[in-house]
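A.B. asks: Quick one: this structure, given as C-alpha cells, is what I'll be asking you about.
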Amino acid sequence: MDLKLDQQRVLVTGGSSGLGAAIVKAFAKAGARVAINYRSKPDAATQLADSCASGGTRPITVPADISRADDVTRMFATLDETWGGIDILINNAGMDGDHALAWEADIDAWSRVIDTNLKGAFLCAQQALRRMVPQKSGVIVNTTSVHETIAWSGYSAYCASKAGLTMLGRTLAQEAAPHGVRVLSLAPGAIRTDINRNVWEDPQGHADLLRKIPMNRMGEPEDIADMAVVLASHAARYVTGTTVFVDGGMTDYPDFAHGG
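So the sequence shown is residues 4 to 263, counted in the numbering used here.
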C-alpha cells in the first residue's frame with residue numbers, strides 16, 4: 004500500500020511545535036508540499052522547515068492567529084499565491100486553557116479556548132472548503148482529543164470545544180461528501196509532548212496516567228502524525244464523518260478491566 008502524497012498541498016495549523024511539528028515532518032517525508040502555520044515564534048517554524056528540506060521540497064511558513072478571520076483569509080491567500088490552492092488541511096492548532104472549575108472560570112480565558120479550538124478550526128475549514136469543493140477533491144482532518152468524549156474537570160472549555168469540533172466535522176463531512184471532499188477527526192490520547200512534560204517527568208503523575216491507558220504507555224507524537232498521513236491518503240478514501248481515536252485504549256474504560 005502506497006501512502007505517498009507526492010506534491011499534495013498540505014496546511015498544518017499550529018505546526019511549529021508538539022504534535023503539529025511531528026505531523027509536518029510526516030507529511031514532508033511522504034512527499035507533500037507543506038505549509039507550517041504558527042501564531043508566534045517564527046524561528047521555531049523556520050528551523051522546522053529547514054529540517055524538512057532534505058526530504059524534498061522545503062515547507063513554507065505562514066503566520067496567522069487562526070481565531071481571527073482576517074488572519075485566516077490572508078493565510079489562504081498566501082497558499083493561493085504560492086501553490087494555487089490546497090489539497091489537505093490539518094486543523095491542529097489548539098490550547099488547553101487554564102484549570103478552573105466552571106463557577107470560578109474567567110469568561111475571557113474560557114472564550115479564548117473556544118475561539119482557538121472551535122471557531123479557528125471552522126474559519127480554516129471554511130476557507131479550505133471554498134477551494135476544495137470547486138476542485139471536487141480534498142481532505143480536512145481535525146485534531147480533537149479523547150476529551151471529545153471523556154469529561155475533564157477544570158477544563159470545561161477544552162472539552163466543549165473538542166466535542167463541538169467533532170460535531171462540526173461530521174456536519175462538514177455531510178455537506179462536502181457529494182463534492183468529493185472528506186472530513187474526519189483524529190483524537191489523540193495522552194501523547195508525550197512538552198505541553199504535558201510536568202506529568203510524564205513526575206514518577207507519581209506518570210504512574211497515575213498509565214493506569215488510564217490499557218496499552219500501558221504514553222503515545223508518541225509520531226503515533227498521531229503517522230495516522231494523520233494515513234487518513235489524508237488514498238488508503239482512507241472511503242472514510243469520512245467519523246473520529247479515529249489514537250489513545251492506547253484510554254476511551255475503552257480501563258477501570259472496568261478489574262470488574263464492573
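For glycine and all other residues, C-beta sits at the position ideal for the given N, C-alpha and C.
Among residues of its own chain, excluding the 5 on either side of residue 243, which ones have a beta-carbon nearer than 7 Å to its beta-carbon?
C.D. replies: 176, 180, 185, 186, 187
A.B. asks: For residue 150, does the count of other Cβ atoms within 10 angstroms reach 16, so buried, or fall short, so exposed?
C.D. replies: Answer is buried; the Cβ neighbour count reaches 16.
A.B. asks: Out of 199, 7, 198, state which residue places its alpha-carbon closest to the alpha-carbon of residue 29.
C.D. replies: With respect to the C-alpha of residue 29, the residue from 199, 7, 198 having the closest C-alpha is 7.
A.B. asks: Ignoring anything shorter than 4 residues, give me the alpha helix (DSSP H) runs that lie fully in the segment 20-55, in order along the chain.
C.D. replies: 21-32, 45-55
A.B. asks: Mind checking which residues open and close the alpha helix (DSSP H) that includes residue 232?
C.D. replies: 224-235
A.B. asks: Are residue 15 and residue 21 touching if we call contact CB-CB under 8 Å?
C.D. replies: Contact flag unset, no.
A.B. asks: Can the beta-carbon of residue 257 be found closer than 8 Å to that of residue 217?
C.D. replies: yes
A.B. asks: Buried or exposed for residue 94, please, with buried defined as at least 16 other CB atoms from any protein chain shown within 10 angstroms of its CB.
C.D. replies: buried
A.B. asks: Less than 8 Å between the beta carbons of residue 100 and residue 158, yes or no?
C.D. replies: yes
A.B. asks: Taking the alpha helix (DSSP H) that residue 94 belongs to, which residues open and close that run?
C.D. replies: Note, residue 94: premise wrong, no alpha helix (DSSP H); beta strand (DSSP E) at 91-94.
A.B. asks: Within the segment 153-204, note down every full beta strand (DSSP E) run reaching 3 residues or more, in order along the chain.
C.D. replies: 184-191
A.B. asks: For residue 12, write down the residues that DSSP places opposite it in a beta bridge.
C.D. replies: 36
A.B. asks: Give the DSSP-derived three-state secondary structure of residue 117 in the structure shown.
C.D. replies: helix
A.B. asks: For residue 143, list the residues DSSP reports as bridge partners.
C.D. replies: 92, 186
A.B. asks: I believe residue 52 touches residue 61 by the beta-carbon criterion, under 8 Å. Please report the beta-carbon distance rounded to the nearest angstrom.
C.D. replies: 6 Å
A.B. asks: So, is residue 67 buried or exposed, given that buried needs 16 or more other C-beta atoms within 10 angstroms?
C.D. replies: buried
A.B. asks: Could you tell me whether any Cβ in chain D is nearer than 8 Å to the Cβ of residue 158?
C.D. replies: No chain D appears in this structure, which consists of one protein chain only.
A.B. asks: Which class does residue 206 belong to by DSSP, given the choice of helix, strand or coil?
C.D. replies: helix
A.B. asks: Within the same chain, show all residues whose beta-carbon is closer than 7 Å to that of residue 125, passing over the 5 residues directly before and after it, in chain order.
C.D. replies: 171
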